[in-house]
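Student: One structure coming up, written as structure tokens, with questions to follow.
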Amino acid sequence: MKFILSLHAKNTFFLFFALFLFFSCYKSKDDNFSATALSLVKLGVRKVNIAGDSLSQRSGGFSLSMKLGSGYSVKDFSVSGRTQVEWINDISRVMDPNPDILIVELGTNDAVNSTNTEFISHLNHLLIEVEKRTTAKIILTAIPLTDNPILQERIKQNNTYIRTLKGKYFIADIEAEFEKNKSQFRLYPINDNIHPEPIGYEIMGEVYKSVILGIL
């Protein structure tokens with residue numbers, strides 16, 4: 001009888017031990033699965049970096065972080081007053097982290113400081129420097145014309161060149177969208193003919209969002 005009880009006790013012990021191992025392994029696999037799933041989620045986040053000027057800086061990157069949601073990480077490197085030449089000398093800063101998409105939002109200050117020929121030369125140089133450092137999809141911007149009559153014609157010429165690059169690069173045609181909406185909304189405040197009203201920044205953000213969602 002003692003032998004039978006002893007055998008029963010041993011069997012019970014081994015049964016509980018086996019169950020313990022089973023649930024431990026199951027938990028371990030479950031934890032590994034959770035960690036793997038989390039890693040995949042992190043890998044799925046698309047990085048969007050912005051090299052721009054005051055238009056992006058003042059608008060908080062056109063609210064793209066909010067507009068695009070959790071599947072995107074938006075980092076705005078924009079500096080007020082920046083031209084293409086200044087970004088050529090500082091472009092490496094925009095590559096940390098290395099982006100999946102790079103928005104180039106420049107041109108207003110270039111229209112003040114450069115001819116159309118110089119603008120084209122500087123833009124091409126900037127793109128060469130960018131492409132040395134990243135394989136990111138590049139969005140170029142046909143910027144709004146401003147409300148300044150002197151700058152409008154220069155910016156139009158510059159934007160015309162930017163549109164010829166469609167196919168090689170993605171184009172956010174802000175000029176076209178502003179022209180479409182200018183009769184419906186006051187896009188610029190009376191005391192500032194360069195920086196748009198909030199509705200102008202909202203339009204810009206929506207154009208960029210549309211282009212980005214069409215890329216990936």
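For the sequence shown, this note's numbering begins at 1 and goes up steadily by one.
Note that beta-carbon positions come from the ideal geometry of N, C-alpha and C, so glycine has one too.
Just so you know, these numbers come straight off a predicted model, no measurement behind them.
Closest by CA to Ile-171, which one among Gly-107, Ala-142 and Leu-106?
Tutor: Out of Gly-107, Ala-142 and Leu-106, Ala-142 has the C-alpha closest to the C-alpha of Ile-171.
Student: From Val-211, Asn-148 and Gly-205, pick the residue whose C-alpha is nearest to that of Ser-56; which is it?
Tutor: Among Val-211, Asn-148 and Gly-205, the Cα nearest to that of Ser-56 belongs to Gly-205.
Student: List the DSSP bridge partners of Gly-52.
Tutor: Note: Gly-52 sits in a beta bridge opposite Glu-105.
Student: If you reduce the DSSP assignment to three classes, tell me which class Pro-196 lands in.
Tutor: Looking at Pro-196 - three-state DSSP - the assignment turns out to be coil, as it is neither helix nor strand.
Student: Evaluate Asn-159 with the Cβ neighbour count: other Cβ atoms within 10 Å of its Cβ, from every protein chain shown; 16 or more gives buried, anything less gives exposed.
Tutor: Label assigned to Asn-159: buried.
Student: Taking Val-130 as the reference, give the member of Ser-54, Arg-46, Asp-90 and Met-66 with the closest Cα.
Tutor: Out of Ser-54, Arg-46, Asp-90 and Met-66, Asp-90 has the C-alpha closest to the C-alpha of Val-130.
Student: Am I right that Arg-46 and Asp-100 are in contact with their C-beta atoms under 8 Å? What's the rounded C-beta distance?
Tutor: Between Asp-100 and Arg-46 the Cβ distance is about 5 Å, and since that is below 8 Å, they are a contact.
Student: May I ask which residues mark the beginning and end of the beta strand (DSSP E) holding Ile-171?
Tutor: Counting along the chain, the beta strand (DSSP E) containing Ile-171 begins and ends at 170 to 173.
Student: Should the region 118 to 127 be called in touch with the region 176 to 191, which here means at least 3 C-beta pairs below 8 Å?
Tutor: In short, these stretches do not touch, since the Cβ pair count stays below three.
Student: Sorted by chain position, which residues of the same chain lie with C-beta nearer than 6 Å to Ile-194's C-beta, five sequence neighbours on each side aside?
Tutor: For Ile-194, where only same-chain residues beyond five positions count, the Cβ hits under 6 Å are Thr-146.
Student: Indicate the three-state DSSP secondary structure (helix, strand or coil) for Tyr-161 in the structure shown.
Tutor: Note: Tyr-161 maps to helix in three-state DSSP.
Student: In the DSSP assignment, find the unbroken beta strand (DSSP E) run with Phe-75 in it and report its ends.
Tutor: The identity of residue 75 in the sequence shown is Lys, whereas the question assumes Phe. It spans 72 to 76 - the beta strand (DSSP E) in which Lys-75 sits, taken as one unbroken run.
Student: Closest to Lys-75 by CA distance: which of Ile-190, Val-48, Gly-107 and Tyr-201 is it?
Tutor: Nearest C-alpha to Lys-75: Val-48.
Student: With DSSP as the reference, please indicate the residues paired to Lys-137 in a beta bridge.
Tutor: Ile-101.
Student: Out of Asp-192, Tyr-169, Asn-191 and Pro-196, which one is the CA nearest neighbour of Lys-182?
Tutor: The residue with the shortest Cα to Cα distance from Lys-182 is Pro-196.
Student: Spell out the partners DSSP gives Lys-166 in its beta bridges.
Tutor: According to DSSP, which records beta bridges pairwise, Lys-166 is partnered with Tyr-169.
Student: Determine the direct distance from the alpha carbon of Leu-140 to that of Gly-167, and round the result to whole angstroms.
Tutor: Between Gly-167 and Leu-140, the C-alpha separation is close to 11 Å.
Student: Taking C-beta to C-beta, are Val-94 and Phe-77 nearer than 8 Å?
Tutor: Going by C-beta atoms, Val-94 is nearer than 8 Å to Phe-77.
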